[in-house]
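**Q**
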Amino acid sequence: MFGRTKRAIYMHQIDGFGELTTIPVERYIERSLLMGGTVCVTEDTDTCICPWLQENGLAPDELIRVPGRCMFSTLSAGGPLLEDLKQRLQDGARLQFFHPTRLESDFLRAAGLDWKHTMSCEPAIAHRLGNKAYLRRVSDSLQGAGAFPKHIILAEGWNLTDLDYAIRRLEPRGDQVGRWHVLVKPVDLAGGDGICRTSSALFRKFADRFMGREVIVEQEIVNRESLSAQWFMQAGDPVYVGTSLQMHDGFVHQGELLSSGDDVVSADVSRALRALTQPLVQHAVQLGYSGVLAFDAVRDTRSGKLYLLDADARATSATYCYAVAARLGMKAWGMANKIIEPSRWIDTYSRARGILGYGLMFRRQRGTGVIPYMVGALRHDRLRRIGLMAIEQDVSQAGALLEEAESRLTA
Numbered sequence: 006m007f008g009r010t011k012r013a014i015y016m017h018q019i020d021g022f023g024e025l026t027t028i029p030v031e032r033y034i035e036r037s038l039l040m041g042g043t044v045c046v047t048e049d050t051d052t053c054i055c056p057w058l059q060e061n062g063l064a065p066d067e068l069i070r071v072p073g074r075c076m077f078s079t080l081s082a083g084g085p086l087l088e089d090l091k092q093r094l095q096d097g098a099r100l101q102f103f104h105p106t107r108l109e110s111d112f113l114r115a116a117g118l119d120w121k122h123t124m125s126c127e128p129a130i131a132h133r134l135g136n137k138a139y140l141r142r143v144s145d146s147l148q149g150a151g152a153f154p155k156h157i158i159l160a161e162g163w164n165l166t167d168l169d170y171a172i173r174r175l176e177p178r179g180d181q182v183g184r185w186h187v188l189v190k191p192v193d194l195a196g197g198d199g200i201c202r203t204s205s206a207l208f209r210k211f212a213d214r215f216m217g218r219e220v221i222v223e224q225e226i227v228n229r230e231s232l233s234a235q236w237f238m239q240a241g242d243p244v245y246v247g248t249s250l251q252m253h254d255g256f257v258h259q260g261e262l263l264s265s266g267d268d269v270v271s272a273d274v275s276r277a278l279r280a281l282t283q284p285l286v287q288h289a290v291q292l293g294y295s296g297v298l299a300f301d302a303v304r305d306t307r308s309g310k311l312y313l314l315d316a317d318a319r320a321t322s323a324t325y326c327y328a329v330a331a332r333l334g335m336k337a338w339g340m341a342n343k344i345i346e347p348s349r350w351i352d353t354y355s356r357a358r359g360i361l362g363y364g365l366m367f368r369r370q371r372g373t374g375v376i377p378y379m380v381g382a383l384r385h386d387r388l389r390r391i392g393l394m395a396i397e398q399d400v401s402q403a404g405a406l407l408e409e410a411e412s413r414l415t416a
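To convert a position in the sequence shown, counted from 1, into my numbering, add 5.
(1) What whole-angstrom Cβ distance do serine 231 and histidine 253 have, given they're in contact under 8 Å?
(2) Between leucine 285 and valine 270, which are expected to be in contact by the criterion C-beta below 8 Å, what is the C-beta distance as a whole number of angstroms?
(3) In the structure shown, what three-state DSSP assignment does glutamate 219 receive?
(4) How many Å lie between alanine 395 and tyrosine 33 at the Cα?
(5) Evaluate tyrosine 170 with the Cβ neighbour count: other Cβ atoms within 10 Å of its Cβ, from every protein chain shown; 16 or more gives buried, anything less gives exposed.
(6) Just to confirm, is the Cβ distance from valine 246 to leucine 39 under 8 Å?
(7) Please name the residue, chosen from Arg107, Ile344, Met335, Val192, that lies closest to serine 265 on a Cα-to-Cα basis.
(8) Glutamine 239 to proline 128, Cα distance in whole Å?
(9) Along the chain, where does the beta strand (DSSP E) that runs through serine 205 open and close?
(10) Using only the alpha-carbon positions, how far apart do leucine 414 and tyrosine 312 sit?
(11) Just confirm the distance between the C-beta atoms of aspartate 305 and isoleucine 226, as a whole number of angstroms; I'd bet it's less than 8 Å.
(12) Taking the alpha-carbon positions, what's the arginine 461 to glycine 42 distance?
(13) Tell me the DSSP bridge mates of valine 297?
(14) Strictly by DSSP, which residues pair up with tyrosine 245?
(15) Thinking C-alpha only, which one of Pro347, Gln283, Arg358, Thr373 is nearest glutamine 148?
(16) Cα-Cα, which of Trp236, Val244, Ser322, Thr203 is closest to glutamine 224?
(17) In the DSSP assignment, find the unbroken alpha helix (DSSP H) run with glutamate 408 in it and report its ends.
(18) Helix, strand or coil for glycine 8, going by three-state DSSP, please let me know.
(19) Got a sec? Which residues, its chain only, sit under 8 Å from serine 401 by beta carbon, not counting five neighbours each side?
(20) Name the two residues that bound the continuous beta strand (DSSP E) containing valine 329.
(21) So, does the region 148-160 touch the region 206-214, judging by three or more C-beta pairs under 8 Å?
(22) Measure how close the beta-carbons of arginine 389 and glutamate 346 come, nearest whole angstrom, since I'm counting them as under 8 Å.
(23) Let me know if proline 85 comes out buried or exposed under the rule of 16 or more other beta-carbons within 10 Å of its beta-carbon.
(24) Starting from serine 5, trace the beta strand (DSSP E) in both directions and tell me its first and last residue.
(25) So, with DSSP's three-state summary, where would you put glutamate 24?
(26) Write down every uninterrupted run of the alpha helix (DSSP H) in the region 93-164 whose length is 4 residues or greater and which is fully enclosed by it, in chain order.
(27) Would a C-beta distance cut-off of 8 Å place histidine 422 and phenylalanine 112 closer than the cut-off?
(28) Taking the CB atoms as reference points, tell me whether arginine 229 and valine 290 lie closer together than 8 Å.
(29) Quick check: asparagine 342 and glutamate 261, are their CB atoms within less than 8 Å of each other?
(30) Could you round the C-beta distance between arginine 319 and valine 297 to whole angstroms and report it? I think they count as a contact, below 8 Å.
(31) Thinking alanine 416 and leucine 365 are a contact (beta carbons under 8 Å), I'd like their distance in whole angstroms, please.
(32) Straight-line CA distance for tryptophan 163 to isoleucine 221?
(33) What's the gap between the Cα of glycine 62 and the Cα of arginine 36?
(34) Taking the C-alpha atoms as reference points, what is the distance between leucine 175 and histidine 258?
(35) Using alpha carbons as the reference points, say which of Asp145, Glu60, Ala13, Cys201 lies closest to glycine 255.
Take a look at the structure:
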């Protein structure tokens, strides 16, 4: 299980990730510093927070800095680092990637390694599960229609007449007006990327942009809670990790609330979401999927019905929260996790830490506080961000702690 194994080697460098990302993509690798085990980073990864992580029992067991801007290219060229890595894998260690792409696949091939040496899978499998249209078709075949909001899939080659017809079929009428909107979403972009409401003034521009690409026309549940169900699977053994409540700004995922109990998501809802995703998880196992598989879902707060939206065949922000909780070994915990944009003058980790102070910063001795992460993004002007992971005995306290930390850093 991630966050617990000493034999894991985390290589979470990302090459391109989504259109709605709120942080420079090269900084996502800094989250892997929270995973434990052995962590590989690039020469420009900001590790200034590691001494503080070490003081509080959260530093990696081992940190390997790979020369160059792309660790996969550097290692593919051979040398002592690669030979050491191969020896570790022969001794039973396993690689975990953020998500499997051709970059990771090319690295394995060039290094003479195989996917059996990883806690990931071939990119084609992950890409298939991440495709929104594929997921809906498979779900319909496994458990009938209804697991996803009502939708129409437009195959490649559609025109505006096809799109208008699909929209009219899904538009609410009569007393249903206001219960949902109609969305159009590309099938192959992460999360909320590329989604547009048909009522938006920018919709025609959006339609022209994605003209002819496979898209989904779907009802958007207006009164909703956004949830995520996370699984981890290796060697055909799926383990349910947990259910979290997501925080959004529009379609942009900002963070989540999660806990060891049922004070974030009720036990009944969590069980129902687990059951809803189970058939797709079994299908993923049959495909040979390995790694983190997270499902985004919504709960209609009027009817209580759950709907799936998509699957993330990769590590998610909640993955790192669960890893921290596992490493701390707390029996009862609540977390509030969010990426924020701090005040312009807070441009270094030391300044952020000074503002949070001893009272808010996490301390292992007391088991509570705020863990900053991705602090290297503070140096960016346009996408300057910092991640905040607040940990308390219960989620309401964690939420209050996060609000206080955000208030101080944005004042």
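Every residue, glycine too, gets a C-beta built ideally from N, C-alpha and C.
**A** Straight from the coordinates:
(1) Reading the sequence shown from its first residue, position 226 is the one you call residue 231. Reading the sequence shown from its first residue, position 248 is the one you call residue 253. Their Cβ separation, rounded to whole angstroms, is 6 Å, which keeps serine 231 and histidine 253 in contact under 8 Å.
(2) As a first step, residue 285 must be located in the sequence shown, where it is residue number 280. As a first step, residue 270 must be located in the sequence shown, where it is residue number 265. Not really, about 19 Å apart at Cβ, beyond 8 Å.
(3) Counting from 1 along the sequence shown, the entry for residue 219 is found at position 214. DSSP places glutamate 219 in coil when its eight states are reduced to three.
(4) Along the sequence shown, one-based indexing puts residue 395 at 390. Along the sequence shown, one-based indexing puts residue 33 at 28. Going by the C-alpha atoms only, they are around 18 Å apart.
(5) Counting from 1 along the sequence shown, the entry for residue 170 is found at position 165. Its Cβ having fewer than 16 others within 10 Å, tyrosine 170 is exposed.
(6) To locate residue 246, count along the sequence shown from 1; it is residue 241. To locate residue 39, count along the sequence shown from 1; it is residue 34. Against a cut-off of 8 Å, the Cβ pair of leucine 39 and valine 246 comes out as no contact.
(7) Against the sequence shown, residue 265 aligns to sequence position 260. Serine 265 has its Cα closest to that of Met335, out of Arg107, Ile344, Met335, Val192.
(8) Numbered from its first residue, the sequence shown carries residue 239 at position 234. Numbered from its first residue, the sequence shown carries residue 128 at position 123. Between glutamine 239 and proline 128, the C-alpha separation is close to 15 Å.
(9) Within the sequence shown, numbered from 1, the residue matching residue 205 stands at position 200. Run containing serine 205: none; DSSP gives neither H nor E here.
(10) Taking the sequence shown and counting its residues from 1, one reaches residue 414 at position 409. Taking the sequence shown and counting its residues from 1, one reaches residue 312 at position 307. Using only the alpha carbons, I get a separation of about 36 Å.
(11) Mapped onto the sequence shown, residue 305 falls at position 300. Mapped onto the sequence shown, residue 226 falls at position 221. Going by Cβ atoms, the distance from aspartate 305 to isoleucine 226 rounds to 5 Å, so yes, they are a contact pair.
(12) Residue coverage of the chain in this structure runs from 6 to 416, which leaves residue 461 outside it and unanswerable.
(13) In the sequence shown, counting from the first residue as 1, residue 297 sits at position 292. Valine 297 pairs with Phe237.
(14) As a working mapping, residue 245 is identified with position 240 in the sequence shown. DSSP, once it has assigned bridges, lists Trp236 as partnering tyrosine 245.
(15) Residue numbering aside, residue 148 sits at position 143 when the sequence shown is read from its first letter. Comparing Cα-Cα distances from glutamine 148 to each of Pro347, Gln283, Arg358, Thr373, the minimum goes to Gln283.
(16) Position 219 of the sequence shown, counting from 1, holds the residue named residue 224. With distances taken between Cα atoms, glutamine 224 lies closest to Thr203.
(17) By 1-based counting over the sequence shown, the position of residue 408 is 403. 400-415 is the span of the alpha helix (DSSP H), which, as asked, contains glutamate 408.
(18) Numbered from 1 along the sequence shown, position 3 holds the residue referred to as residue 8. With a pLDDT of only 44 at glycine 8, under 50, the local geometry of the prediction cannot be trusted, and the value read off the model is given with reservation. In this structure, glycine 8 counts as coil in the three-state DSSP scheme.
(19) By 1-based counting over the sequence shown, the position of residue 401 is 396. For serine 401, where only same-chain residues beyond five positions count, the Cβ hits under 8 Å are Asp268, Gly339.
(20) Locating residue 329 in the sequence shown gives position 324, counting from the first residue. First-last for valine 329: 322-333, but that is the alpha helix (DSSP H), not the beta strand (DSSP E).
(21) no
(22) Numbered from 1 along the sequence shown, position 384 holds the residue referred to as residue 389. Numbered from 1 along the sequence shown, position 341 holds the residue referred to as residue 346. Indeed, because the Cβ distance is near 6 Å, the residues count as touching under 8 Å.
(23) Locating residue 85 in the sequence shown gives position 80, counting from the first residue. Answer is exposed; the Cβ neighbour count stays below 16.
(24) Because the chain here runs from 6 to 416, residue 5 falls outside it and cannot be looked at.
(25) The sequence position of residue 24 within the sequence shown is 19, counting from 1. For glutamate 24, the predicted model reports a pLDDT of 47, less than 50, meaning its position is unreliable and no value from the coordinates is stated.
(26) 107-115, 128-135, 137-148
(27) Not covered by the structure: residue 422. The range shown for the chain is 6 to 416.
(28) Here residue 229 is taken as the residue at index 224 of the sequence shown, counted from 1. Here residue 290 is taken as the residue at index 285 of the sequence shown, counted from 1. Taking 8 Å as the Cβ cut-off, arginine 229 and valine 290 do not qualify as a contacting pair.
(29) Counted from its first residue, the sequence shown places residue 342 at position 337. Counted from its first residue, the sequence shown places residue 261 at position 256. Yes. Within cutoff.
(30) Translated into the one-based positions of the sequence shown, residue 319 becomes position 314. Translated into the one-based positions of the sequence shown, residue 297 becomes position 292. At roughly 6 Å, the Cβ-Cβ gap stays under 8 Å, so arginine 319 and valine 297 are in contact.
(31) As a first step, residue 416 is located in the sequence shown; it is residue number 411 there, counting from the start. As a first step, residue 365 is located in the sequence shown; it is residue number 360 there, counting from the start. Actually they are not in contact, since the Cβ atoms of alanine 416 and leucine 365 sit about 13 Å apart, beyond 8 Å.
(32) Locating residue 163 in the sequence shown gives position 158, counting from the first residue. Locating residue 221 in the sequence shown gives position 216, counting from the first residue. Rounded to the nearest angstrom, the two C-alpha atoms are 11 Å apart.
(33) Sequence index remark: in the sequence shown, residue 62 carries index 57 (1-based). Sequence index remark: in the sequence shown, residue 36 carries index 31 (1-based). Taking the straight line from one Cα to the other gives about 15 Å.
(34) The count along the sequence shown starts at 1 and reaches residue 175 at position 170. The count along the sequence shown starts at 1 and reaches residue 258 at position 253. Near 25 Å, if we compare the C-alpha coordinates of histidine 258 and leucine 175.
(35) By 1-based counting over the sequence shown, the position of residue 255 is 250. The shortest Cα separation from glycine 255 among Asp145, Glu60, Ala13, Cys201 belongs to Cys201.
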